Structure formats: C-alpha cells, structure tokens
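Notes for the one structure printed next.
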Amino acid sequence: MSSDKNLAKAAQFEGDALWSSQWKESFGEQTIRQHSQNMDELNDEGIVLYTSWFCPFAQRTWIALEEKGVPYLYQEINPYQVDPTEIGGYTKKPLPLEEKQKKYPDFFACSPRGLVPALQVGNTAKLERVWESLPSIEYIDERFNTDTNTNLMPSKPIQRAQARIWADFVTTRVQKAFYQMLMDQSPAGQQAALETFRKESASFSNAMAPLSEGPYFFGSQFTLVDIALAPFWQRFLWVGSHYCGLRVDAEDSTDRLKAWWKAVSERPSVKSTMVGKARLITSYKQYSTNEGTSDYARGLQTSLQGRTATKED
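All letters in the sequence shown, in the order written, are residues 40 to 352 by this note's numbering.
Here it is, written out as structure tokens:
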C-alpha cells in the first residue's frame, strides 16, 4: 500500500501512486525525466526552468529551450492542492501563498508573483532571472546562440513588431475566448464564446503568410508567434473536443491553421513538450465544471459574471 506521503504527491510519471491506469506517458514525460537530472550533469551555466507540466504559458518557454537546444534543469512547480480522491490528485485549487513560498523558495526568488514560467540562469555569484512566457522566449533567443542557428524572432524590424503583436493577440484574444467557452456553464454563453473563438482564430489565420511560403506564421521560419499559439492549439484540439465538442476544423478559415498545426506538432521542439493526451485532458476537469479557484480561473469567472450582468441589465 502506498504511504500517505506518496499519496500527497500529484501524479507525474507512470508508477506514481495517483497515476491512472488509463494514461500513457508521451514525449513530454520523457523529456521531463531527461531534464530532471542533477544540474551539474547538464549545464555549467546553471539554467533552471521553473514550470508546471499542465500550463500552456510555461510550455511556451519550454518549447523555446528545446528549439534552441539549450541544456536546462526542469523544476516542476505544483501551485495547487493535491486531492487523492481526484484522478492524478489534480485540482485547480491553489496552495496558500505562504505554503507555496515555503515549499518553493528558489522559485519565488525567481518569480515575484509565484507564477510559472520562470528562468534562472547563472551561478550564485551572478544570477539572471526572467519570468513571464513571451519575454522569456525573447530572452532565450537573444541570450543563447547555439549551433542550431535557430532564431526565434524575424530579422526585419516590421516582422519583429508583428511577431509581438500577434503573440499578444493569442494571449489576450484567442486563448481567452477558448477558456471562457470551457468554463461557461450556460449553452448560450458557450455558443457566444465559441463564435468569438472562431472569429479571433480567423483573424489570426488571415494574418499568416501564404502556405506557399511555408507552414509557419511567417512562412518558412518558426518564431515567437508559432510558439505562442502551439500549446493553446494543442488544448483547443484535445481539451476543447473532449469537454465542449469543439471542432476547430469546422470552419474554412482554419484550413491555413490545420496546415500550420501539422508542421508545428511534428516539430521536435514542440513534440518533446507534449505530455500524454488523456492526462492533460484530466487536468482540465475542474475548469470544465467551473470549479477552479486559481488566479487565472477567478479572473475568467469575473469576466463571465460581468458578461452575464450586462445581459441582465
């Protein structure tokens, strides 16, 4: 029988006490194992990625490190309470701030708000700390010149500006509409969010380079914009279809995005961060029933309540 101590740990790998027999490990779990080794064996410069396997924002930074071929230590941060009665022990109920600070002091030194992702680079004499997903991608791109010759930002100033604009568009428009659809418990609210999601996705698709120039946002070059959207599109396809019956291929405007996703999902840097599908879907259960109490969930709940109040007025 498993001990209480083991039961208090959320499932991460096959064989863990709370791991479901319905799950299978995938490339993401393999990558986590590989990069959860001793730091001295990985990198003299001391690169630590503070992340959470289920977080799409953190996955952005993870993809950037994989794309650049940078050695790093993967440090898992679980900001939520563990409930052994839930599959995997997964909840969206945050740990009290003081408990989180006590459990992860190095992480909080790196991320002032206690949110993933965060990066720590260097030794104790000189540390560089970066948090937030999009700034961390640009930092990784500029800080680490690798043999891969992979640049995550376009060379032209106008395209660099456009990359930041559309990466922000993913964050503030596309993914927000999806989570509203996932959490809204009324059919009318879900339909409204779905229509918004499709409209925003179409706007993004129309801004992409023609497929004849290459599959990515700017054509042949894989950039910040592609990384910004990839973790969320993965969730649109997996989580959205499971809980909401979402079909992102139901609209003609997503033809360009279908070609984009085929290329992106097969890219090694993205594939290596994709955890098991069934496991990821399970982790979104409390979002789908609007029971999450994380900061992100509360922000969306406030938005949903405001929308409802406006309609009633």
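Yeah, the Cβ is synthetic: ideal placement off N, Cα and C, and Gly gets one too.
In this text the structure is predicted, and so the values were computed from the model without any measurement.
Task: Residue from F275, C94 and S311 whose Cα sits closest to the Cα of F217 - done: Closest by alpha carbon: F275.
*With a 10 Å radius around its C-beta and 16 neighbouring C-beta atoms as the bar for buried, classify N162 as buried or exposed.*
Exposed, by the Cβ-count rule.
What does a CB cutoff of less than 7 Å around S314 pick up in its chain, not counting 5 residues either side in sequence?
Residue 314 is actually Val in this sequence, not Ser. Exclusion of the five residues before and after V314 leaves S65, G67, E68 and W92 as the residues of its chain whose Cβ lies within less than 7 Å of its Cβ.
Can you tell me whether A206 is helix, strand or coil according to DSSP? It is helical.
Requested in this report: From the DSSP output, in three-state form, read off K142 for me.
Outcome: The answer is helix: DSSP assigns K142 an H, G or I state.
Which residues DSSP lists as bridging R168, in chain order
Paired residues: Q159.
Inset, instruction - Let me know if F236 comes out buried or exposed under the rule of 16 or more other beta-carbons within 10 Å of its beta-carbon. - result: A residue is called buried when at least 16 other Cβ atoms come within 10 angstroms of its Cβ; F236 meets this threshold and is buried.
**Message:** On the DSSP letters alone, give me the boundaries of the alpha helix (DSSP H) that Q325 sits inside.
**Reply:** Unbroken alpha helix (DSSP H) run through Q325: K324 to S327.
Tell me the DSSP secondary structure of E105 in three-state form. DSSP places E105 in helix when its eight states are reduced to three.
*Are M222 and Y326 close, meaning C-beta to C-beta below 7 Å?*
Contact annotation: M222 and Y326 have beta-carbon atoms nearer than 7 Å.
- Leaving out five residues before and five after T328 in sequence, what residues of the same chain have Cβ atoms less than 7 Å from its Cβ? Short of 7 Å from the beta carbon of T328, and not among the five residues preceding or following it, lies no beta carbon of its own chain.
If you follow the beta strand (DSSP E) that V87 is in, where does it begin and where does it stop?
Its beta strand (DSSP E) spans residues I86 to T90.
Integer Cβ distance of Q120 from L134, believed to fall under 8 Å: At roughly 6 Å, the Cβ-Cβ gap stays under 8 Å, so Q120 and L134 are in contact.
Check: Going straight from the alpha carbon of A47 to that of K238, what length do you get?
Finding: If you draw a straight line from the Cα of A47 to the Cα of K238, it comes to about 42 Å.
key: Cβ of Y326 within 7 Å of any chain C Cβ   = In the displayed structure, chain C is absent; only one protein chain is listed.
Length of the line joining the Cα atoms of H166 and Q159:
The amino acid occupying residue 166 in the given sequence is Leu; His does not appear at that position. CA-CA distance, L166 to Q159, rounds to 7 Å.
Is it buried or exposed, A232, if we count other Cβ atoms within 10 angstroms and call 16 or more buried? A232 should be labelled buried.
Assign I179 to one of two classes, buried (16 or more other C-beta atoms within 10 Å of its C-beta) or exposed (fewer than that).
-> Counting other Cβ atoms within 10 Å of its Cβ, I179 reaches 16 or more and is therefore classed as buried.
Q) Contact between the segment 122–129 and the segment 188–203: three or more CB pairs below 8 Å? A) The segment 122–129 is not in contact with the segment 188–203.
message: Taking 7 Å as the threshold (C-beta atoms), are P254 and W205 in contact?
response: It is not a contact, given that the beta carbons lie outside the stated cut-off.
Legend entry - Whole-angstrom distance between E171 and L154, CA atom to CA atom: C-alpha of L154 to C-alpha of E171: approximately 8 Å in a straight line.
* Asked: Over what stretch of residues does the alpha helix (DSSP H) that includes Y113 continue unbroken?
  -> Unbroken run through Y113 is the beta strand (DSSP E), L112 to E115; no alpha helix (DSSP H).
| request: Could you say which of L250, C283, H74 and A103 lies nearest to A227 if we only look at CA atoms? | output: The residue with the shortest Cα to Cα distance from A227 is C283.
Q. Do you know how far the Cα of A248 is from the Cα of S60?
A. The C-alpha of S60 lies about 43 Å from the C-alpha of A248.
- Item | Check whether T130 and A202 have beta carbons under 7 Å apart | No. Outside cutoff.
Next item on the list: Go to K63, then tell me how far its alpha helix (DSSP H) extends in each direction, as first and last residue.
Entry: Premise fails: K63 is in no alpha helix (DSSP H) and is neither H nor E.
How big is the Cα-Cα spacing for S244 and K142? Put simply, the backbone Cα of S244 is about 42 Å away from that of K142.
Quiz prompt | Among W58, A49, C94 and P110, nearest to H74 - alpha-carbon criterion | solution = That would be P110, whose Cα lies nearest to the Cα of H74.
Could you name the residues that DSSP lists as bridge partners for P133?
According to DSSP, which records beta bridges pairwise, P133 is partnered with Y119.
*In three-state terms, what does DSSP make of E53?*
E53 sits in coil when the DSSP states are folded into three classes, being neither helix nor strand.
From the DSSP output, in three-state form, read off G258 for me. In the structure shown, G258 sits in a strand (DSSP, three-state: E or B).
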